[in-house]
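These notes are about the structure you will find just below.
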Amino acid sequence: MTQFLTQNSDIIFKLVVALGLGVVLGIERVWAHKTAGIRTYALVSMGAALFVAISELVAEEYGAFSNFDPSRIASQIIVGIGFLGAGAIMFQGNRPVGLTTAGGLWVAAGIGVAVGFGLYSLAVIATILTLFVFVALWFVEAGLKKSNLYKKQNGEDN
Numbered sequence: 001m002t003q004f005l006t007q008n009s010d011i012i013f014k015l016v017v018a019l020g021l022g023v024v025l026g027i028e029r030v031w032a033h034k035t036a037g038i039r040t041y042a043l044v045s046m047g048a049a050l051f052v053a054i055s056e057l058v059a060e061e062y063g064a065f066s067n068f069d070p071s072r073i074a075s076q077i078i079v080g081i082g083f084l085g086a087g088a089i090m091f092q093g094n095r096p097v098g099l100t101t102a103g104g105l106w107v108a109a110g111i112g113v114a115v116g117f118g119l120y121s122l123a124v125i126a127t128i129l130t131l132f133v134f135v136a137l138w139f140v141e142a143g144l145k146k147s148n149l150y151k152k153q154n155g156e157d158n
């Protein structure tokens, strides 16, 4: 077991970092009372890092025998998460809900991909910017929705 941990410490570190960044995003989503929370964001981010790590290992092991490109896995992760995000989008009447959650899951996958490729600074910055979107821009959006112009445009003028 010790040998396994030593030989794979870089991959384990990447998985833990991706998991941690996903947890940070998930905590905010729980705080905002959203359905996709800590476990979902952690799994999406860590899973993306895992697939990137696997693709890099395969490229190292079998690269001389094939033209395997690890970046192709990253593109498939983004497509796959698109399906997960689509499942997060629902309609209440004619109004879509869950768009921010879907976008957040997509970004969480991107964060995991960044970690998987060892781009830690990029992943941390993306996490901070995503939190900014989730929190600060929520207040901006809420304020705009209270404005008279928004109410007039959406037929809510009394």
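If you're matching positions, the sequence shown starts at 1 in the UniProt record's numbering and goes up one per residue. Cβ coordinates follow ideal geometry from the N, Cα and C atoms, glycine included.
field: Proximity below 7 Å, CB of V23 to CB of A53
entry: Translated into positions along the sequence shown, residue 23 becomes position 23. Translated into positions along the sequence shown, residue 53 becomes position 53. No, the pair does not count as a contact, with Cβ atoms beyond the cut-off.
query: How many whole angstroms separate the CB atoms of A86 and A102, which I take to be in contact at a CB cut-off of 8 Å?
result: One-based indexing of the sequence shown puts residue 86 at position 86. One-based indexing of the sequence shown puts residue 102 at position 102. Right, the Cβ-Cβ distance comes to about 7 Å (below 8 Å), so this counts as a contact.
query: Short check: CB of A48 to CB of G112, under 7 Å?
result: Along the sequence shown, one-based indexing puts residue 48 at 48. Along the sequence shown, one-based indexing puts residue 112 at 112. Contact flag set, yes.
- prompt: Q76 to Y120, Cα distance in whole Å?
  reply: As a working note, residue 76 is residue 76 in the sequence shown. As a working note, residue 120 is residue 120 in the sequence shown. One C-alpha to the other measures close to 21 Å.
query: Hey, would you say I73 sits closer than 7 Å to S55, going by beta carbons?
result: What you label residue 73 is simply residue 73 of the sequence shown in a count that begins at 1. What you label residue 55 is simply residue 55 of the sequence shown in a count that begins at 1. A contact, by the Cβ cut-off of 7 Å.
- request: Just mark F117 as buried or exposed, buried being the case when its beta carbon has 16 or more other beta carbons within 10 Å.
  value: Working through the sequence shown from its first residue, we reach residue 117 at position 117. F117 is buried by the Cβ-count criterion.
task: Flag this pair as yes or no: are the beta carbons of A88 and G98 separated by less than 7 Å?
output: Start at 1 with the first residue of the sequence shown, and residue 88 comes out as number 88. Start at 1 with the first residue of the sequence shown, and residue 98 comes out as number 98. Contact annotation: A88 and G98 have beta-carbon atoms nearer than 7 Å.
Supposed close pair L21, G104 - CB separation, criterion 8 Å: Counting from 1 along the sequence shown, the entry for residue 21 is found at position 21. Counting from 1 along the sequence shown, the entry for residue 104 is found at position 104. So it is not a contact: roughly 12 Å between Cβ atoms.
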